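Take a look at the structure below.
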């Protein structure tokens, strides 16, 4: 009986570990842009995302003369999103401008049309402003007891600076649960709010003109 009990216990532990591991999903497989499509200011929607952006050395490399983005095919609700990014300062990469400006959007509704930029919430990645909220196309959030005024593009500044020096990797985390949104950068809380007017949607990686690399894009679903 004890032997059977021990065997069942081991099976239960292994099953639990496997289940926990499966909760974190790799949105980027570090090989190609499967499960993403691209949208460009000039070429429009590209089902083959490699028409606009590339994968090299296990990184998503976003660069070129026109702005655009990568959009996940799948939508998510109640999650922890982790993204690692770094500015690409190699002058061999074509750029639209020299302004270090990008972002990671989330809660982009499935029915939202492809435009620059669609409805959703943006974790701002911008020199001197990384960690700001940007609320696009009338999205609202309650911050410090006050609901922001809806608009086409509304910024709510970060609580603190936490971006690493240019050339180093950064890790941003977005936690969304039942309308509460938390943004962290390199382990530090940089923004937070409640009562989000959007609670489900797709993930979007922005390219606004300065080359940027992403090497990790994972999501962990919450109940």
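Residue numbers (our numbering): 81 to 303. Cβ coordinates follow ideal geometry from the N, Cα and C atoms, glycine included. Quick caveat, the model's predicted, so the values are computed rather than measured.
From residue i to residue j, what distance separates their C-alpha atoms?
i           : j           : result
residue 318 : residue 202 : Absent from the structure is residue 318, since the part of the chain shown begins at 81 and ends at 303.
residue 146 : residue 119 : 10 Å
residue 295 : residue 285 : 12 Å
residue 215 : residue 226 : 14 Å
residue 275 : residue 161 : 19 Å
residue 135 : residue 114 : 11 Å
residue 101 : residue 163 : Caution is warranted here: a pLDDT of 43 is assigned to residue 101, below 50, making its placement in the model unreliable, and no coordinate value can be reported.
residue 212 : residue 221 : 13 Å
residue 236 : residue 109 : 32 Å
residue 184 : residue 150 : 10 Å
Looking at the unbroken beta strand (DSSP E) that takes in residue i, where does it start and where does it end?
i           : result
residue 116 : 116-120
residue 287 : 280-287
residue 167 : 159-167
residue 232 : From DSSP, residue 232 is part of no beta strand (DSSP E); its letter is neither H nor E.
residue 204 : 200-206
residue 216 : 213-216
When DSSP builds the beta bridges, which residues end up paired with residue i?
i           : result
residue 261 : 256, 273
residue 184 : 203, 285
residue 136 : 139
residue 124 : 120
Should residue i go down as buried or exposed, given a rule of 16 or more other Cβ atoms within 10 Å for buried?
i           : result
residue 218 : exposed
residue 144 : buried
residue 243 : buried
residue 131 : exposed
residue 278 : buried
residue 180 : buried
With distances taken between CB atoms, is the gap from residue i to residue j smaller than 7 Å?
i           : j           : result
residue 182 : residue 280 : no
residue 159 : residue 301 : yes
residue 152 : residue 255 : no
residue 272 : residue 262 : yes
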